[in-house]
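Undergrad: Pasting in a structure now, in structure tokens, and then I'll have a few things to ask.
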Amino acid sequence: MGKGYWLVKSEADCFSIADLERSNGKTTAWDGVRNFQARNYLRSMKRGDLLLFYHSSAEPPGVAGVAEVVAEAHADATALDPADSHYDPRATPEEPIWFCPDVRHVRTFERVIDLAELRAHEELSGMAVLRKGQRLSVMPVAKEEFERVLELAGSRAQAPRRSR
DNA sequence: GCCAACGTTGGC
DNA sequence: GCCAACGTTGGC
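Numbering (the working numbering), first residue to last: 73 to 236.
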């Protein structure tokens, strides 16, 4: 079965690709997602799947880098913590409702591939993130689209793996 | 800051 | 199960 490709949004002011990069060496739980369709996508992510890391509410908004799934979705602890802004009183340890995979930084693009540039490429016109009114924070991306975005970012085929 | 688009909630 | 009201997202 092939690797999966996704796009995840994060508000750049809140958690940017630079924040993810700083936490490299540790894994980062992609938590706080509180939308059922997005959650279902998170739960279908497999270890090794690659994520386009998209900055929303940024200037400009666009794809800023790549992350990788290192652990499949598990209970989102922020939903169970009353002190957390993402607390959901409906969630319990038995029925956590919300789930998050662990991810790690792969690569920060030298330049953000912004919305205007994405839209300028006909072959990317099917990307969900370009649809009007699209508010999902997690969405699947076609392999060809993923690879095309990497090309635009000036990629070699893939970032080298760092051994640790 | 505006506002269109969307998901969720709750009255009925 | 409908749908209006509401809150949120996110580009502009």
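Virtual Cβ for every residue (Gly too), placed ideally from N, Cα, C.
At a cut of 8 angstroms, does the segment 101-111 reach the segment 195-202 through at least three beta carbon pairs?
TA: Touching, no, given that fewer than three Cβ pairs across the two stretches are closer than 8 angstroms.
Undergrad: What residues match up with Asp174 in a beta bridge as DSSP calls it?
TA: On the first sequence, position 102 is the one that residue 174 refers to. Asp174 is bridged to Ala101, Ala143.
Undergrad: Let me check one thing: in DSSP terms, what residues is Ile185 bridge-paired to?
TA: Residue numbering aside, residue 185 sits at position 113 when the first sequence is read from its first letter. In DSSP, Ile185 forms a bridge with Val135.
Undergrad: Hey, Leu124 and Val135 are a contact pair by Cβ (cut 8 angstroms); roughly how many whole angstroms apart?
TA: The residue labelled residue 124 in the question sits at position 52 within the first sequence. The residue labelled residue 135 in the question sits at position 63 within the first sequence. Rounded, the Cβ-Cβ distance is 5 angstroms, consistent with contact.
Undergrad: Put Ser157 into one of helix, strand or coil per three-state DSSP.
TA: Taking the first residue of the first sequence as 1, we reach residue 157 at position 85. Ser157: coil per DSSP, three-state reduction.
Undergrad: Are the CB atoms of Ala151 and Ala163 nearer to each other than 7 angstroms?
TA: As a working note, residue 151 is residue 79 in the first sequence. As a working note, residue 163 is residue 91 in the first sequence. Contact flag set, yes.
Undergrad: Is the segment 112-131 touching the segment 168-178 in the sense that three or more CB pairs, one from each, lie closer than 8 angstroms?
TA: The way I'd put it, the segment 168-178 does touch the segment 112-131; three or more beta-carbon pairs between them come closer than 8 angstroms.
Undergrad: Whose C-beta lies closer than 8 angstroms to the C-beta of Gly74 among residues of the same chain, with five residues either side of it excluded?
TA: Here the question's residue 74 lines up with position 2 in the first sequence. Only Lys215 meet the Cβ criterion.
Undergrad: CB Leu122 to CB Glu93, shorter than 7 angstroms?
TA: By one-based count along the first sequence, residue 122 stands at place 50. By one-based count along the first sequence, residue 93 stands at place 21. No, Cβ-Cβ distance for Leu122 and Glu93 is not below 7 angstroms.
Undergrad: Please work out which residues of its chain come closer than 7 angstroms, Cβ to Cβ, to Val80, disregarding the five sequence neighbours upstream and downstream, and give them in chain order.
TA: Numbered from 1 along the first sequence, position 8 holds the residue referred to as residue 80. Correct list, in chain order: Trp102, Leu123, Phe125, Tyr126, Ser209, Val210.
Undergrad: Anyone know if the C-beta pair for Gly226 and Thr180 falls short of 7 angstroms?
TA: Residue mapping note: residue 226 aligns to position 154 of the first sequence, counting from 1. Residue mapping note: residue 180 aligns to position 108 of the first sequence, counting from 1. For the pair Gly226 and Thr180, the CB atoms are not nearer than the 7 angstroms cut-off.
Undergrad: How many Å lie between Glu189 and Lys118 at the Cα?
TA: Stepping through the first sequence from its first residue, residue 189 is reached at position 117. Stepping through the first sequence from its first residue, residue 118 is reached at position 46. Answer to the nearest angstrom: the Cα atoms are 29 angstroms apart.
Undergrad: Let me check understanding here. Comparing Cα to Cα, which of Lys98, Ile89, Val221 lies closest to Ala130?
TA: Within the first sequence, numbered from 1, the residue matching residue 130 stands at position 58. Looking at the Cα atoms, Ile89 is the closest of the given residues.
Undergrad: In whole angstroms, what is the alpha-carbon distance linking Phe218 and Leu187?
TA: Walking along the first sequence from the start, residue 218 turns up at place 146. Walking along the first sequence from the start, residue 187 turns up at place 115. For Phe218 and Leu187, the distance between alpha carbons rounds to 15 angstroms.
Undergrad: Tell me which residue opens and which closes the beta strand (DSSP E) that Phe125 is part of.
TA: Counting from one through the first sequence, the residue named residue 125 turns up at place 53. Where Phe125 is concerned, the enclosing beta strand (DSSP E) stretches over 122-128.
Undergrad: Where do the N-terminal and C-terminal ends of the beta strand (DSSP E) with Val80 fall, by residue?
TA: In the first sequence, counting from the first residue as 1, residue 80 sits at position 8. It spans 77-83 - the beta strand (DSSP E) in which Val80 sits, taken as one unbroken run.
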